[in-house]
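In my numbering, the protein residues as written are 84 to 212.
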Amino acid sequence: MRATCSLFACLIVAGCNTSDKNPILKSSFEGQPSANFFHEFGPPSQVIPVEPETFGDRPGGATTVDNKELYYYWSSINKKTAHLKRKASDRECQLALRTTAEGDIRWIEVLAEKGQAEAALVNCSSVVR
């Protein structure tokens with residue numbers, strides 16, 4: 084079970100590291116603490132640490148990302164997301180929020196099926212400002 088969860092987490096993170104394929108949502112939440120986003124829109128459905136990447140040909144080479152950086156996965160139709168301030172949307176918006184080690188949002192990526200990126204970006208732009 085643990086190996087399956089780890090594999091699933093790796094697949095999700097690998098999919099999100101391709102930000103050149105998924106559109107970036109421009110939002111006033113960029114640069115703010117992730118807590119501000121979750122206070123406004125509800126909790127994330129999943130949190131996954133960003134795997135540190137090393138470069139160089141010897142063990143212990145320099146890392147390119149801090150291992151405290153996180154991806155928060157948020158969906159507009161997540162039951163945990165629907166709370167007193169907002170009701171769950173009937174059209175799904177799936178986001179990956181990349182945060183710094185300090186918890187500030189670096190960028191918000193719209194997760195979309197292949198060929199649906201523009202429609203997903205428009206939909207998510209109407210849900211999250």
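Yeah, the Cβ is synthetic: ideal placement off N, Cα and C, and Gly gets one too.
Since the structure is predicted, the reported quantities are computational estimates derived from the model, not experimental observations.
Within the same chain, LEU153 and TYR155 come within 7 angstroms of VAL130 by CB-CB distance, once the 5 residues on both sides are set aside.
Bounds of the beta strand (DSSP E) holding GLU192 are 188 to 193. Residue pairing for ARG181: DSSP places it in a beta bridge opposite TYR154 and TRP190. For VAL210, the enclosing alpha helix (DSSP H) stretches over residues 200 to 210. Membership of ASN119 in the alpha helix (DSSP H) is indicated by the continuous run 117 to 124. Here the alpha carbons of SER158 and SER117 stand approximately 15 angstroms from one another. Closest option to ILE191, judged by alpha-carbon separation, among LYS197, CYS207 and GLY125: CYS207.
For VAL130, the uninterrupted beta strand (DSSP E) run begins and ends at 129 to 132, by DSSP.
A direct Cα-to-Cα measurement between ARG212 and LEU178 gives close to 13 angstroms.
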